[in-house]
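What follows is the structure, given as structure tokens:
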């Protein structure tokens, strides 16, 4: 199967530097998914350098569960439970880094922060996409559907286990079993460590309760924490009784002990005993456990001192509570505080020394949720509600403008100027990768706080990246928030956000809803006279209509888009629409028109020096040429595609082009050259660890061997491809492999086995609710059954195929199914029914202008007995 590339034309809106509206109505934002942050833990991670003291018994037990020497081959789940601030995360991270350093988990060590005790916890489904990326799965192979993503997750971990590549996943700060259970691998000797404040109901889990520290470990942690801040400070070692009293006043809770050490470091004249006297029971501590009251007392004392002596740090801490997402960058903190990056970095380092913020990576900072909850209730001079709104406005401006500058690098065409905020596309992608959870959360916060213009424009600026990385759940979430905010904005915003929503729905396969959203956007753009917006939405509407099987409507939408793009002189939009129009024309059987459309697109890309766009067009043109069996021309097209992909160093594209080249060479009868092309493609896919591409190459290798009359090799290749697609959880690919296997078996006159293979393909398409795929599989089932002499079930299959094709609007394939149905009826001497079927096929072919097929059917009708 050739690789056909189509594009969703994302809106190219530009974002103004400062958005003026601060406020408006508050929109409901609950219930939508929260973006997940997954980090790699290892010897070089920031967590490897953090202070950890005591807990020798707990460390020994947890490391014993992680040690591969005691592994049974089954999945191990360990639940580490304890109150907030007791050090569960620190324990889990310390052991995870130790395990990584020991090489116990060659498949990787990862931490997912579930934010289980925040107002909006992270759902397990949100973890699959970023975690699969860390596990090496290409973005275009990660399904948008959470159920399908979980299948890929299990298959990926199963494949790693088979190669001895154990994986450790720390599921941090989970509040219930629903956040954990979907992330537990189905098999394979991997390990999941869960941290939680509750006792979770996890089947087969080992439980480790983490309590407050006893006196000895508590005093040791207190002493160590102060020593890190000031190695020459001897107050605690010289005052053993005061140190013990301070550890007791902190309730043995590590967070409180660290904050107390920060207070001592900040006041060199203060003794441990003095600090004990200054830690009154905190106001508002009712309902907390003993340890958490101690944290509140320590935090309250720290806050009072900060507000009195370091008001700039107190202001910074209070403003950090406004930042959405799991952490914040130094640049974002500077925007919040309205100070320079150098000034804010000094403030953050001071807060880190006071153990009030944590370094979460290079130039990234986070707050413990207890610190956030405590600080968010405190008043700071100069940080009233108006200043909080202004600070949030500055932060949203920073996120929106920087995201837009990054997105310009992603959508830039050859020779087009780009902002110098980033040195290039890769740096822009790295920034977006780091900021994604915060940016998705910022869109939701902007909607909830009534900053509606920010919500709309940030979502639009972010959409190109989310499409690029295939973060489809985040794309839909931000699009829904943006559309809710647009109800408070002028019509142009409503048009842009409806278009954004339509694109996200299309990417998720919800084509009917996408069509509705695009039609609403189209009305809005026409109302405001925005021709570029109208053209872009028409192009995307055409894609959604085509995907829904409404091919005539899709062609009409594409032609309208072409007319507008040509009138505006927008060559790139015109080129993309020609490509998508060609693909749609090919599906409806208008092959020569499809080829012409692809050539028009290629000319536009070539004239502008767009090698990548040209490579995509050559790929699609080759596919169209193969459909009408112009194999030599297809060979030339796919060869040029491979050259162009190589010029832009797109190895994935080059491997795909080589696979398609092999298929065309096989069709031309140049089998040895085809096999050589497949070997090159397989080597590239293997080097890239592209398992999906490898499966596609196996599929096409099977087709080439089939055409070379080597059925045994072809059957083996198709079975290998089928297994690989199944491992990947790719039901569409698996259906394709079953179909190709059926074709090989049918050609080898193994009709009964062929029918079984086609029925497997039918089952996969039914799983996918894909009517076009079901129709194709049914037509093939009917063909195999007819060749096996089983005419009655063949007639049933052909009839069902014709009905499904009629429903999709694919007249060309409906006529083919009707032709086959008529042939089966003819063989059973049901001539009158055969005449009805062939007459319908004849009328259908004439309606779409296929006179060759219509004349062939006319000959069949003429040959029927005269009395029928």
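Residue numbers (the numbering used here): 363 to 1230. Just so you know, even glycine gets a beta-carbon here, dropped at the ideal spot from N, CA and C. Only a predicted model underlies this, so the values are computations on that prediction, with no experimental measurement involved.
Neighbour-count burial assignment, residue i, 16 or more Cβ in a 10 Å radius
{"i": "residue 852", "result": "exposed"}
{"i": "residue 593", "result": "exposed"}
{"i": "residue 1211", "result": "exposed"}
{"i": "residue 1009", "result": "exposed"}
{"i": "residue 645", "result": "Annotation note: pLDDT 42 at residue 645 (below 50); position unreliable, no value reported."}
{"i": "residue 969", "result": "exposed"}
{"i": "residue 671", "result": "exposed"}
{"i": "residue 462", "result": "buried"}
{"i": "residue 1224", "result": "exposed"}
{"i": "residue 432", "result": "exposed"}
{"i": "residue 1074", "result": "exposed"}
{"i": "residue 855", "result": "buried"}
{"i": "residue 921", "result": "exposed"}
For residue i, the three-state DSSP class (helix, strand or coil)
{"i": "residue 1080", "result": "helix"}
{"i": "residue 615", "result": "coil"}
{"i": "residue 841", "result": "helix"}
{"i": "residue 737", "result": "helix"}
{"i": "residue 872", "result": "coil"}
{"i": "residue 850", "result": "coil"}
{"i": "residue 1217", "result": "helix"}
{"i": "residue 569", "result": "strand"}
{"i": "residue 650", "result": "The predicted model places residue 650 with a pLDDT of 35, which falls under 50 and marks its position as unreliable, so this point remains unresolved."}
{"i": "residue 535", "result": "strand"}
{"i": "residue 440", "result": "strand"}
{"i": "residue 973", "result": "helix"}
{"i": "residue 449", "result": "coil"}
{"i": "residue 499", "result": "coil"}
{"i": "residue 963", "result": "helix"}
{"i": "residue 867", "result": "helix"}
{"i": "residue 575", "result": "coil"}
Residue i: first and last residue of the uninterrupted alpha helix (DSSP H) it sits in
{"i": "residue 895", "result": "893 to 909"}
{"i": "residue 1025", "result": "1013 to 1029"}
{"i": "residue 517", "result": "508 to 524"}
{"i": "residue 1126", "result": "1113 to 1129"}
{"i": "residue 1155", "result": "1153 to 1170"}
Pair within 9 Å by beta-carbon distance, residue i and residue j
{"i": "residue 547", "j": "residue 519", "result": "yes"}
{"i": "residue 1136", "j": "residue 1122", "result": "no"}
{"i": "residue 709", "j": "residue 701", "result": "yes"}
{"i": "residue 1130", "j": "residue 1094", "result": "yes"}
{"i": "residue 1124", "j": "residue 1077", "result": "no"}
{"i": "residue 473", "j": "residue 401", "result": "yes"}
{"i": "residue 634", "j": "residue 598", "result": "yes"}
{"i": "residue 575", "j": "residue 611", "result": "no"}
Residue i versus the options, residue with shortest Cα-Cα distance
{"i": "residue 568", "options": "940, 746, 731, 423", "result": "423"}
{"i": "residue 1096", "options": "443, 1106, 1082", "result": "1082"}
{"i": "residue 1022", "options": "1049, 907, 994", "result": "994"}
{"i": "residue 789", "options": "802, 803, 771", "result": "771"}
{"i": "residue 679", "options": "691, 704, 738, 760", "result": "738"}
{"i": "residue 1068", "options": "1090, 1036, 1054", "result": "1036"}
{"i": "residue 686", "options": "432, 916, 530, 398", "result": "398"}
{"i": "residue 785", "options": "768, 1145, 920", "result": "768"}
{"i": "residue 1105", "options": "931, 1071, 1208, 400", "result": "1071"}
{"i": "residue 861", "options": "883, 843, 872", "result": "883"}
{"i": "residue 894", "options": "907, 936, 914, 871", "result": "936"}
{"i": "residue 589", "options": "1140, 623, 828", "result": "623"}
{"i": "residue 511", "options": "1090, 1167, 1172, 1178", "result": "1090"}
{"i": "residue 637", "options": "664, 614, 837", "result": "664"}
{"i": "residue 1160", "options": "1186, 1092, 744, 836", "result": "1186"}
{"i": "residue 843", "options": "825, 830, 829, 676", "result": "825"}
{"i": "residue 455", "options": "516, 430, 554", "result": "554"}
{"i": "residue 629", "options": "735, 595, 1055, 496", "result": "595"}
{"i": "residue 582", "options": "566, 562, 591, 619", "result": "619"}
Residue interval of the beta strand (DSSP E) (run including residue i)
{"i": "residue 557", "result": "553 to 558"}
{"i": "residue 470", "result": "470 to 475"}
{"i": "residue 730", "result": "Element bounds for residue 730: n/a, residue is neither H nor E."}
{"i": "residue 464", "result": "Unbroken run through residue 464: none, as it is neither H nor E."}
{"i": "residue 399", "result": "399 to 402"}
{"i": "residue 720", "result": "720 to 723"}
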